[in-house]
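Protein chains in written order, with the numbering used here: chain A, 18 to 283; chain D, 4 to 266. All C-beta atoms, glycine included, are put in the ideal place defined by N, C-alpha and C. Reviewing the structure listed below.
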């Protein structure tokens with residue numbers, strides 16, 4: 018069964034008014050269960066919008082969206098997915114442990130069960146010693162790990178990530194990418210990952226969806242075929258460089274109407 | 004531990020030395036230039052009058068302090084209640100907040116003269132209403148800000164958890180507003196004492212610190228008036244210190260410190 022099925026999705030903001038913005042037109046995309054898919058493209062191509070549509074944080078103007086075999090709204094209500102943003106979005110008045118417990122609280126879990134799951138999650142992201150720290154006592158990379166632990170706390174089959182490593186330095190970033198891959202491998206989680214870093218997209222993904230702006234649409238889907246388990250050695254692999262070249266060429270094909278790149282449209 | 008105590012010494016010692024030096028210079032100037040007591044009383048004389056009249060000062064402080072405290076609690080309660088209403092109904096927010104800010108900027112305590120007309124001449128009610136009003140607007144503006152200005156990421160997260168509006172209120176908006184409430188209380192606490200004093204200038208019973216200061220000055224008992232001023236300072240300071248301590252207790256994990264460091 019496919020995890021996400023997107024059929025003829027379009028999204029326009031300010032529909033019908035003089036400043037209507039066509040964020041996405043006619044998107045078709047099928048994401049298989051257990052697959053890692055990145056969305057990449059220049060600012061304004063609607064990659065974050067597409068992610069929010071899958072998350073049912075916004076409604077499409079037209080088209081059909083099926084998540085885990087049900088409507089996107091039902092999938093949201095059932096907490097079928099976990100989500101992480103560029104800002105870790107931790108609640109500064111809650112300890113690390115309580116932050117991870119929040120989605121479980123909203124599901125109505127009792128305290129013992131919540132604590133057990135939070136402990137499990139903290140082990141997963143290797144932050145067991147920091148359970149009772151407050152977010153501001155952690156580094157940016159650690160905060161982002163807590164946010165990922167929180168997103169995974171309900172054991173979702175789908176993980177939606179909007180540039181989760183965008184604010185981290187390069188070393189931390191590469192380290193986090195490897196950790197994310199090993200976590201997903203262990204849990205079999207499907208991931209939809211928004212980024213504007215080509216190496217990041219290629220390193221992480223089975224498929225890279227290249228998008229273009231005005232109106233946002235999918236221009237090409239690049240298959241990344243890297244043999245075996247991905248680790249730091251992968252970054253020196255010729256298949257990795259081949260993937261980067263393919264994505265870069267696909268992005269070059271995208272007509273750029275502005276010169277600003279690498280600045281995100283949040 | 005020793006580094007901690009030495010840092011306390013470092014932060015307390017300079018202002019303490021400065022304060023003592025200031026009082027010493029004051030004393031010397033009054034004595035040295037032989038200033039008349041009706042012009043400026045020396046600190047030693049003020050302290051003497053303060054201790055002599057300590058019962059009267061304490062009695063007056065209780066009257067003003069009670070007015071300030073009742074107004075503070077009532078104003079904080081009403082301000083919080085109204086801010087919840089405003090955050091629930093946004094159109095009211097746009098209607099009332101600019102008005103509240105404008106009212107905050109004008110010295111509305113002159114209204115006490117009008118209120119005095121409405122109640123018995125010995126009533127403390129007009130003064131308490133006045134304090135309530137002043138505190139109400141400070142708390143309203145701040146807490147409403149705390150309830151509405153939440154991080155968009157937090158709201159999106161809560162939506163992704165399928166949280167209801169009530170859950171978002173309980174788990175995001177209210178905790179977010181807590182530091183704002185304590186900031187408001189820290190501003191309101193001294194303001195409530197000041198308003199209680201000033202309210203006494205507009206007639207009514209001559210029983211509070213504010214009215215005692217004016218009546219003693221009118222009788223040329225300058226040093227006694229200064230003694231009451233000292234009492235007024237101590238009362239204001241007490242209110243401020245208590246509100247600061249409350250903030251420390253109510254915001255866990257040094258959150259106040261973090262917000263001060265300006266995220």
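CB of residue i within 8 Å of CB of residue j, strictly
i              : j              : result
residue 67(A)  : residue 44(A)  : yes
residue 107(A) : residue 164(A) : yes
residue 120(A) : residue 83(A)  : no
residue 241(A) : residue 223(A) : yes
residue 42(A)  : residue 270(A) : no
residue 169(A) : residue 98(A)  : no
residue 69(D)  : residue 134(D) : no
residue 46(A)  : residue 225(A) : no
residue 150(D) : residue 86(D)  : yes
residue 46(D)  : residue 29(D)  : yes
residue 239(A) : residue 264(A) : yes
residue 150(A) : residue 209(A) : no
residue 165(D) : residue 93(A)  : yes
residue 257(A) : residue 219(A) : yes
residue 80(A)  : residue 228(A) : no
residue 30(A)  : residue 156(D) : no
residue 142(A) : residue 111(A) : no
residue 5(A)   : residue 198(A) : With chain A covering 18 to 283 only, the question about residue 5(A) has no answer from this structure.
residue 200(D) : residue 188(D) : no
residue 71(D)  : residue 195(D) : yes
residue 152(A) : residue 109(A) : yes
residue 271(D) : residue 147(D) : Absent from the model: residue 271(D). The displayed extent of chain D is 4 to 266, so no value can be given.
residue 20(A)  : residue 50(A)  : yes
Burial state of residue i, where buried means 16 or more other Cβ atoms lie within 10 Å
i              : result
residue 264(D) : Because the pLDDT of residue 264(D) is 37, which lies under 50, any placement of that residue in the model is unreliable, and the number read from its coordinates should be weighed accordingly. The residue in question, residue 264(D), is exposed, as its Cβ has fewer than 16 Cβ neighbours within 10 Å.
residue 133(A) : exposed
residue 41(D)  : exposed
residue 100(A) : buried
residue 33(A)  : exposed
residue 252(D) : exposed
residue 302(D) : Any answer about residue 302(D) is impossible in this case: the structure gives chain D only from 4 up to 266.
residue 94(D)  : exposed
residue 188(A) : exposed
residue 185(A) : buried
residue 160(A) : buried
residue 207(A) : buried
residue 278(A) : Reliability of the predicted coordinates at residue 278(A) is poor, the pLDDT of 48 falling under 50, and no value is obtained from them.
residue 12(D)  : exposed
residue 32(D)  : exposed
residue 72(A)  : buried
residue 280(A) : Because the pLDDT at residue 280(A) is just 48, under 50, the model does not fix this residue reliably, and the value given afterwards should be weighed accordingly. Classification for residue 280(A): exposed.
residue 123(D) : exposed
Amino acids of chain D, ordered along the chain, whose beta-carbon sits closer than 8 Å to that of residue i
i              : result
residue 181(A) : Under the 8 Å cutoff, chain D gives no residues; its nearest Cβ is about 12 Å from residue 181(A).
residue 77(A)  : Result: empty, since nearest Cβ-Cβ is about 16 Å, beyond 8 Å.
residue 120(A) : 164
residue 93(A)  : 162, 163 and 165
Interface residues of chain A facing residue i [CB-CB closer than 8 Å]
i              : result
residue 152(D) : Going along chain A, no residue has its Cβ under 8 Å from residue 152(D), so there is no contact; the nearest lies around 14 Å.
residue 156(D) : 102, 104 and 106
residue 330(D) : Missing from the structure shown is residue 330(D); chain D here goes from 4 to 266 and no further.
residue 148(D) : Under the 8 Å cutoff, chain A gives no residues; its nearest Cβ is about 17 Å from residue 148(D).
residue 224(D) : Result: empty, since nearest Cβ-Cβ is about 52 Å, beyond 8 Å.
Within chain D, partners of residue i - CB distance below 9 Å
i             : result
residue 96(A) : 163, 164 and 165
residue 72(A) : 159, 162 and 163
Alpha helix (DSSP H) segment containing residue i, residue limits
i              : result
residue 201(D) : 177–202
residue 94(D)  : 93–108
residue 97(A)  : That residue, residue 97(A), is in no alpha helix (DSSP H); it is neither H nor E in DSSP.
residue 148(D) : 128–151
Boundaries of the beta strand (DSSP E) in which residue i is found, first to last residue
i              : result
residue 240(A) : 234–240
residue 143(A) : Taken as a continuous stretch (DSSP letters only), residue 143(A) belongs to no beta strand (DSSP E), as it is neither H nor E.
residue 269(A) : Taken as a continuous stretch (DSSP letters only), residue 269(A) belongs to no beta strand (DSSP E), being part of the alpha helix (DSSP H) at 255–270.
residue 224(A) : 224–229
residue 80(A)  : 79–84
Per-residue contacts from residue i into chain A (C-beta, under 7 Å)
i              : result
residue 170(D) : 123
residue 34(D)  : Per Cβ cutoff of 7 Å: no residues; residue 34(D) is ~53 Å from chain A at best.
*Is it a yes or a no for the segment 58–66 of chain D touching the segment 115–123 of chain D, going by three-plus beta-carbon pairs under 8 Å?*
Result no; under three Cβ-Cβ pairs closer than 8 Å.
*Is the number of C-beta pairs between the segment 22–38 of chain A and the segment 175–192 of chain A that are closer than 8 Å three or more?*
Contact between the segment 22–38 of chain A and the segment 175–192 of chain A is not established, with fewer than three Cβ pairs separated by less than 8 Å.
*Kindly confirm or deny that the segment 128–142 of chain D and the segment 70–78 of chain D touch, where touching means at least three C-beta pairs closer than 8 Å.*
As far as the Cβ criterion goes, the segment 128–142 of chain D touches the segment 70–78 of chain D, which means the pair count is three or higher.
*Would you call the segment 224–233 of chain D and the segment 164–171 of chain D in contact, with 3 or more CB pairs under 8 Å?*
No contact exists between the segment 224–233 of chain D and the segment 164–171 of chain D.
*When the Cβ atoms of the segment 190–209 of chain D are set against those of the segment 125–134 of chain D, are three or more pairs found closer than 8 Å?*
Between the segment 190–209 of chain D and the segment 125–134 of chain D there are three or more inter-stretch CB-CB distances shorter than 8 Å, so the stretches are counted as touching.
*Would you be able to state if there are at least three C-beta pairs under 8 Å between the segment 216–227 of chain D and the segment 240–250 of chain D?*
Short answer: they don't touch.
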